[in-house]
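To start, the structure under review is shown below, and the notes come after it.
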Amino acid sequence: MGKTDTIKVHIVDDSALLRQTLSDILNADPGIQVIGASANPVFAENHFNREWPDVIILDYEMPQKDGLTFLAEIMARRPTPVIMFTTHGKVAMQAFAAGAVEVLSKPGLELKKFLFDSETMLIDTVKSAAQADLKKVLSRSVQAVKVAPKLSADSVLRPWDGKQVDATADRVVVLGASTGGTQAIEEVLSAMPKDSPPFVIVQHMPEKFTTAFADRLNDVCSMEVKEASHGDKVHRGLALIAPGNLHMLLNRRGDEYFVGVNGGPLVSRHRPSVDVLFRSAAKSAGRNALGIILTGMGDDGAAGMLEMHGAGARTVAQDERSCVVFGMPKEAIRRGGVDEVLPLDQVAGMILKYMAR
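Taking numbering that gives the first Met the number 0, I'd label the letters of the sequence shown as residues 0 to 356.
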């Protein structure tokens, strides 16, 4: 599909309300055309034989064949960007592993209101999925929120005041990612030793899914990985994942770091927001922090990384070739806040080398 072509979408969901409402929302965007809406995978296959879509939106719970089974069949037949709806965190992890580009949480009640409130997010997600590099997704084989004005981190945390933070013996890695980030984060953390430097991580993901994501990482990594709780201490051998629908901030008391987890408005249209985490790291850790921005659409994290850079932190962005979506890293680089650009397979080694200095 060319960059200027209309994105052709097929919706597969047994809810007639969802099919109609989502079709109306997506068709209102001049860059998107819903070419089909099927009640189950069997009907969808018949449509696919006539016209194959650029993006497939797929529900998990359907009669005759569940969404995960159909997802696997799609990837085996003709790999295509798939956005999956589910209410189950473990299913979300399985969908990512099977090649889904994005997973969204679907509420059981007030579905129509949810869809219209999430209009901008849904359109952005489809456009991001259409740009995703499926080869990278498959080679390494995520509740929407009400759309609000695009706020900066100022709405949650005052800007860094320019004061340098005293250096300490303790360093911390702060990391942000979005589309494609679940696989990228797993690749980085699974290469870390048990006594790894501490990580504080924001991955754009619905609140029902972050616990399952942290549990999945904890199972495959040598270091401990958990969903963060307010007041958790940051220490070696531990990675903290921001809970979905809550901002996470890095705070400091004396020589110790801990995290704050709280609500607040959407920042860069996200909660948790990478910009919020990065700004807090600039204020609390300064030159003791290593900031990393990985694959993802949009610009969340770009402003915060520039603040980290100004505060003396080392800053790194994933390169375009290894990104599923080169959005967030590209914007961070464009704004001048990035010290080094690396392919994903070199990030873990860089972390260990830099943190050992």
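Quick reminder that beta carbons are idealized off the backbone N, C-alpha and C, glycines included.
A quick note: this is a predicted structure, and the numbers were derived from the prediction, not measured.
For residue i, three-class secondary structure by DSSP
{"i": "S138", "result": "helix"}
{"i": "V90", "result": "helix"}
{"i": "G243", "result": "coil"}
{"i": "R252", "result": "strand"}
{"i": "M191", "result": "coil"}
{"i": "H46", "result": "helix"}
{"i": "L293", "result": "coil"}
{"i": "K149", "result": "Note that K149 scores 48 on pLDDT, short of 50, meaning its location in the model is unreliable; the coordinates nonetheless yield the value given after this. Coil, per DSSP."}
{"i": "H9", "result": "strand"}
{"i": "M222", "result": "coil"}
{"i": "G309", "result": "helix"}
{"i": "K105", "result": "coil"}
{"i": "K126", "result": "helix"}
{"i": "G35", "result": "strand"}
{"i": "M327", "result": "helix"}
Pick from the options that is closest to residue i, judged by C-alpha positions
{"i": "D13", "options": "S104, A43 and N261", "result": "A43"}
{"i": "M247", "options": "H234, D214 and V199", "result": "V199"}
{"i": "N244", "options": "D169, T20, R18 and V273", "result": "V273"}
{"i": "S228", "options": "S221, L239 and R235", "result": "L239"}
{"i": "D65", "options": "N48, R76, Q93 and A281", "result": "Q93"}
{"i": "L114", "options": "F84, P197 and R333", "result": "F84"}
{"i": "H203", "options": "M120, W51 and V11", "result": "M120"}
{"i": "L276", "options": "F95, P264 and G303", "result": "G303"}
{"i": "G326", "options": "A176, R235 and L265", "result": "A176"}
For residue j and residue i, the rounded distance between their alpha carbons
{"i": "R252", "j": "I291", "result": "23 angstroms"}
{"i": "A241", "j": "V260", "result": "8 angstroms"}
{"i": "S138", "j": "V81", "result": "15 angstroms"}
{"i": "L67", "j": "K207", "result": "18 angstroms"}
{"i": "K111", "j": "K135", "result": "34 angstroms"}
{"i": "E186", "j": "D344", "result": "8 angstroms"}
{"i": "P196", "j": "S221", "result": "12 angstroms"}
{"i": "E109", "j": "I24", "result": "16 angstroms"}
{"i": "A281", "j": "T314", "result": "11 angstroms"}
{"i": "L351", "j": "D4", "result": "43 angstroms"}
{"i": "G335", "j": "L305", "result": "7 angstroms"}
{"i": "R270", "j": "V172", "result": "20 angstroms"}
{"i": "A91", "j": "R76", "result": "21 angstroms"}
{"i": "D123", "j": "Y353", "result": "35 angstroms"}
{"i": "E223", "j": "P29", "result": "46 angstroms"}
{"i": "T20", "j": "N26", "result": "10 angstroms"}
{"i": "M384", "j": "V33", "result": "It is not possible to answer for residue 384, since the shown part of the chain is limited to 0 through 356."}
{"i": "V125", "j": "S22", "result": "12 angstroms"}
Same chain, Cβ closer than 7 angstroms to residue i, five either side skipped, listed in chain order
{"i": "V324", "result": "S127, Q130, A131, T178, G179, T294, G295 and M296"}
{"i": "D318", "result": "V340, L341 and P342"}
{"i": "H46", "result": "H9, G35 and S37"}
Residue i vs residue j beta-carbon contact at 9 angstroms
{"i": "N287", "j": "D169", "result": "yes"}
{"i": "L237", "j": "S279", "result": "no"}
{"i": "F212", "j": "D231", "result": "no"}
{"i": "V8", "j": "I31", "result": "yes"}
{"i": "A312", "j": "A284", "result": "yes"}
{"i": "V337", "j": "A355", "result": "no"}
{"i": "P205", "j": "S321", "result": "no"}
{"i": "T181", "j": "G88", "result": "no"}
{"i": "L16", "j": "D58", "result": "no"}
{"i": "S189", "j": "V219", "result": "yes"}
6 angstroms CB neighbourhood of residue i in its chain, flanking five on each side removed
{"i": "S267", "result": "D274 and D299"}
{"i": "K376", "result": "Residue 376 lies beyond the range of the chain shown here (0 to 356); nothing can be said about it."}
{"i": "I56", "result": "I10 and I82"}
{"i": "G98", "result": "M74, V136, L137 and S140"}
Sequence-distant residues of its chain with Cβ nearer than 8 angstroms to residue i (five each side left out)
{"i": "Q63", "result": "N39, P40 and V41"}
{"i": "L174", "result": "I184, V187, F198, V199, I200, V201, G290, I291, I292 and L293"}
{"i": "V333", "result": "Per the sequence shown, residue 333 should be read as Arg rather than Val. Around R333: A301."}
{"i": "T79", "result": "W51, P52, D53, V54, I55, I73 and L133"}
Any chain E beta carbon closer than 9 angstroms to residue i
{"i": "I6", "result": "Looking at the structure shown, chain E is missing, and only one protein chain is on hand."}
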